[in-house]
Amino acid sequence: MKKFLEVIEKEANLIKMKILSGKYAGRENIFSLDYGDPMDLLADCVEKHISWEIDCSQASSEEILIWMAADMIARIFRALQENRPVFFFGKQYVATEENFLTVAQQIEDDIVSSGLMVTILSDDKDGLRIGVAEG
172 MKKFLEVIEK EANLIKMKIL SGKYAGRENI FSLDYGDPMD LLADCVEKHI SWEIDCSQAS
232 SEEILIWMAA DMIARIFRAL QENRPVFFFG KQYVATEENF LTVAQQIEDD IVSSGLMVTI
292 LSDDKDGLRI GVAEG
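Residue 172 is where the sequence shown starts when you use this note's numbering, and the numbers rise one by one after that.
Structure representation (structure tokens):
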């Protein structure tokens, strides 16, 4: 029975999200592609100052692209909201309450215009570091 469940789980193309802070810390949720836009969920986490981690190890390529893009955008917003710098390609971005959206858009534009495949290198009290993905 266990082997059968493992096969079903692998075929299900799942995204696992663990809540790391706040009232629901430790809770894990499982989502599939038909969940909807993950940005809505992650934006809610940003708004409520909740940290998360996403596991895409059992996801399809399509799910990985969708969820990782949303994860990166949400992490950029969270870092700027928390007055932490965002680092990308040798540049440091900081925002104030007045230019928050402009800075977030500039980071996104710079990532897109770089033409690079990027990943989160670190996301901690010292800031969010975005780097070139391997492979």
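In this text, a Cβ means the ideal position worked out from N, Cα and C, and glycines have one as well. Being a predicted model, the structure only gives us computed values, none of them experimental.
Handout entry: Contact the region 263-274 vs the region 236-254: 3+ CB pairs below 8 Å
Key = yes
Exercise for the section: Have a look at VAL303 and ASN184 and give me their C-alpha separation to the nearest angstrom. Expected result: Mapped onto the sequence shown, residue 303 falls at position 132. Mapped onto the sequence shown, residue 184 falls at position 13. Rounded to the nearest angstrom, the two C-alpha atoms are 25 Å apart.
Exercise for the section: Using only alpha-carbon positions, find the residue among LYS187, LYS296, VAL217, ALA196 that is nearest to VAL257. Expected result: Position 86 of the sequence shown, counting from 1, holds the residue named residue 257. Among LYS187, LYS296, VAL217, ALA196, the Cα nearest to that of VAL257 is on LYS296.
Exercise for the section: Figure out for me which residue from LEU191, ILE186, LYS194, SER222 has the closest Cα to the Cα of TYR206. Expected result: The count along the sequence shown starts at 1 and reaches residue 206 at position 35. Of the candidates LEU191, ILE186, LYS194, SER222, the one whose C-alpha sits nearest the C-alpha of TYR206 is ILE186.
Problem - Residue of LEU236, ASP208, ALA230, MET243 minimising C-alpha distance to TRP223 - result: The count along the sequence shown starts at 1 and reaches residue 223 at position 52. Selected option, being the one with the closest Cα: MET243.
Exercise for the section: For CYS216, I'd like the list of residues in its chain whose CB is within less than 6 Å of its CB, leaving aside the five on either flank, ordered along the chain. Expected result: As a first step, residue 216 is located in the sequence shown; it is residue number 45 there, counting from the start. Taken in chain order, the residues that qualify are TRP223.
Problem - Buried/exposed call for ASP211, threshold 16 Cβ in 10 Å - result: Reading the sequence shown from its first residue, position 40 is the one you call residue 211. Exposed, by the Cβ-count rule.
Practice task
Give a yes or no on whether the C-beta atoms belonging to ILE301 and LEU292 are separated by under 9 Å.
Solution key: Looking up residue 301 in the sequence shown gives position 130. Looking up residue 292 in the sequence shown gives position 121. Yes. Within cutoff.
Practice task
Could you tell me if the beta carbon of ASP215 falls within a distance shorter than 8 Å of some heavy atom in the ligand SAH?
Solution key: Only the bare structure without any ligand can be found here, which leaves the ligand SAH out of the picture.
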